[in-house]
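If you read the sequence shown in my numbering, its first letter stands for residue 16, the second for the next number, and so on. Even glycine gets a Cβ: it sits at the ideal position worked out from N, Cα and C. A short worksheet on the structure shown next.
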Amino acid sequence: MILSKKSIILILLSNFIINAASIIIYTYIPRYLLFLGIETPLMQLIITIFPLTAFVFPPIYGYYSDKIQNRYIFILFGSIGMTFTYFFLFLTKNLILIIPLLFLFGFFMASSNLLMTLFAELVEDDKTLISYFNASVVAGWFVGAQSGGVFIDFYGIGSIFLFILIISLPSGILVAFIKEKRSLILERYNREVEKDANNLKLNNGEQEISISQSIYHGLFFRNFSIKPIMPILAIIMSFHLGSDSEIGFLIGINFLLQFFQMLLIGKIITIKNIKSFMIIGYSLSSISIFGYIISANFWSYLLFQFLVSFSYSMHWAATITYIAQNSTPKNKGKYMGYANSSVFSGSFIGGLLFSLLLSVFNSDYYIVMYFMIIFPAISTIIIFLKFKPNEKINFYSKMGRDSELLH
Numbered sequence: 016m017i018l019s020k021k022s023i024i025l026i027l028l029s030n031f032i033i034n035a036a037s038i039i040i041y042t043y044i045p046r047y048l049l050f051l052g053i054e055t056p057l058m059q060l061i062i063t064i065f066p067l068t069a070f071v072f073p074p075i076y077g078y079y080s081d082k083i084q085n086r087y088i089f090i091l092f093g094s095i096g097m098t099f100t101y102f103f104l105f106l107t108k109n110l111i112l113i114i115p116l117l118f119l120f121g122f123f124m125a126s127s128n129l130l131m132t133l134f135a136e137l138v139e140d141d142k143t144l145i146s147y148f149n150a151s152v153v154a155g156w157f158v159g160a161q162s163g164g165v166f167i168d169f170y171g172i173g174s175i176f177l178f179i180l181i182i183s184l185p186s187g188i189l190v191a192f193i194k195e196k197r198s199l200i201l202e203r204y205n206r207e208v209e210k211d212a213n214n215l216k217l218n219n220g221e222q223e224i225s226i227s228q229s230i231y232h233g234l235f236f237r238n239f240s241i242k243p244i245m246p247i248l249a250i251i252m253s254f255h256l257g258s259d260s261e262i263g264f265l266i267g268i269n270f271l272l273q274f275f276q277m278l279l280i281g282k283i284i285t286i287k288n289i290k291s292f293m294i295i296g297y298s299l300s301s302i303s304i305f306g307y308i309i310s311a312n313f314w315s316y317l318l319f320q321f322l323v324s325f326s327y328s329m330h331w332a333a334t335i336t337y338i339a340q341n342s343t344p345k346n347k348g349k350y351m352g353y354a355n356s357s358v359f360s361g362s363f364i365g366g367l368l369f370s371l372l373l374s375v376f377n378s379d380y381y382i383v384m385y386f387m388i389i390f391p392a393i394s395t396i397i398i399f400l401k402f403k404p405n406e407k408i409n410f411y412s413k414m415g416r417d418s419e420l421l422h
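Next up, the structure:
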């Protein structure tokens, strides 16, 4: 059941805009730093600032939003804060100021990520509707990457933050009209708990959660290698391609493919294939890194962008569905926060290693990328050996609607 159609539409729209703006930073900030004259190893180190804040703060925001039972205040704080950060990034080209502003960007982005938690609660963890949220994320990434590349071709990399600021402005307005419906969420949850009391063990209002910790380890190791590579992908492509529009298309097509994949996966994911989705997704990550190393033209990059899109769609959709349906309104923020923290802790530590290896190998991206292939393979092994999807509790009966995923 959808508890507020208006709010979920507003969440999808604001989420689309937030991700369209943020992917431009994620994709083009390395080239912007090189434009400012920053050396390659230092540039790689600087872009780890965002994942540092993004892994530190999501569990904190999640914990306190659970405790005070209010997601909206964090979402509004994050979306407005990001817009102000873009404004100050537009005003400066001073590296000393850019570094703390990138820290603030990650700080506010982590807060706005509670949109995902609130959306899951408003749709009562419905796997198909959660796929709509994931699709809005990647749709934003597609539009942001494409439009960013076109903008740079026309106006140059030096004005990119003006473009980001303009894109981000509507998000704060949309978020202002979201209604959390917290009392209704808790009322529905308590009613379902009473109906299904035999399946719950309650202790002072808290539940024993049977979430396999292997999912967090899998996210960590996969993003240990993939996340440091993705921001410099535009640089790697520029070695072989002629225009930013081409690069923007190749980066954007990854997200366009994910849009349709997310919608499809939301309909076909079941308890029987959720583990397979994770394993295939992580395996494709290793293959994609190797593909970026050997690619030398538009068509080879296109092929491996196709594979990496499946990599992300499969493991992330399976993971988020699993967490959403094994948590409650009283702890969902915390467990979603752990997932985001696992992603960005891997990104941060992997980024530090990537920077170190760039220094050792004289800024040779390709040699360094060979070292990174192994980490998604570790994720694959962890999920294969440790993940048990039958360790599952769902707190909404949905009148048998998701029975194949719940038993």
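Simplified DSSP state of residue i, which is helix, strand or coil
| i | result |
| --- | --- |
| E223 | Below a pLDDT of 50, predicted positions are generally treated as unreliable, and E223, at 48, falls in that range; the measurement from the model is reported next regardless. Three-state result, E223: coil. |
| Q340 | coil |
| D81 | helix |
| S37 | helix |
| G267 | helix |
| H255 | coil |
| Q59 | helix |
| I228 | It is worth fixing the name first, because residue 228 is Gln in this sequence and not Ile. Correct three-state label for Q228: coil. |
| K403 | coil |
| S378 | coil |
| I64 | helix |
| M16 | coil |
| G52 | coil |
| K282 | helix |
| T107 | coil |
| S29 | helix |
| I24 | helix |
| K349 | helix |
| K287 | coil |
| R203 | helix |
| I294 | helix |
| I388 | coil |
| F72 | coil |
| R237 | helix |
Closest residue to residue i among the options (Cα-Cα distance)
| i | options | result |
| --- | --- | --- |
| A191 | I226, K21, L117, L372 | K21 |
| I304 | L278, I335, Y381, G96 | Y381 |
| S328 | L27, F89, S80, I145 | I145 |
| F122 | K108, Y101, L137, I111 | Y101 |
| M252 | M277, S198, L234, I308 | I308 |
| N355 | I111, G233, I40, L180 | G233 |
| L271 | F321, P243, Q228, F235 | F321 |
| A135 | I26, T98, Q276, N269 | I26 |
| V153 | S324, I172, L177 | S324 |
| V358 | M58, G96, T63 | T63 |
| I181 | M131, E202, I39 | I39 |
| P115 | I90, L67, F89 | L67 |
| I179 | I335, I61, Y43 | Y43 |
| F92 | L130, Q59, S370 | L130 |
Alpha-carbon spacing of residue i relative to residue j, whole angstroms
| i | j | result |
| --- | --- | --- |
| M387 | F363 | 14 Å |
| F292 | S298 | 10 Å |
| I17 | E139 | 7 Å |
| S127 | K345 | 19 Å |
| S374 | E54 | 10 Å |
| S342 | I226 | 9 Å |
| L256 | S301 | 23 Å |
| K142 | G263 | 31 Å |
| P73 | A311 | 38 Å |
| M245 | F103 | 25 Å |
| W314 | N149 | 27 Å |
| G220 | N30 | Any reading at G220 must be qualified, since the residue scores a pLDDT of 43, below 50, and its modelled position is unreliable; the value itself is stated next. In a straight line, the C-alpha of G220 is about 31 Å away from that of N30. |
| R206 | L199 | 10 Å |
| L106 | L265 | 30 Å |
| I393 | L367 | 19 Å |
| A35 | E195 | 23 Å |
| Y147 | G281 | 8 Å |
| I113 | G164 | 21 Å |
| R197 | K82 | 13 Å |
| L279 | L177 | 35 Å |
Distance cut-off 6 Å: residue i Cβ against heavy atoms of the ligand ATP
| i | result |
| --- | --- |
| I294 | In terms of ligand content, the structure shown is empty, and the ligand ATP therefore cannot be addressed. |
Residue ranges of each alpha helix (DSSP H) run of no fewer than 4 residues wholly in the segment 113–196, ordered along the chain? You should have 129–137, 142–170, 175–191.
What runs of the beta strand (DSSP E), each 3 residues or longer, lie entirely inside the segment 296–329? none
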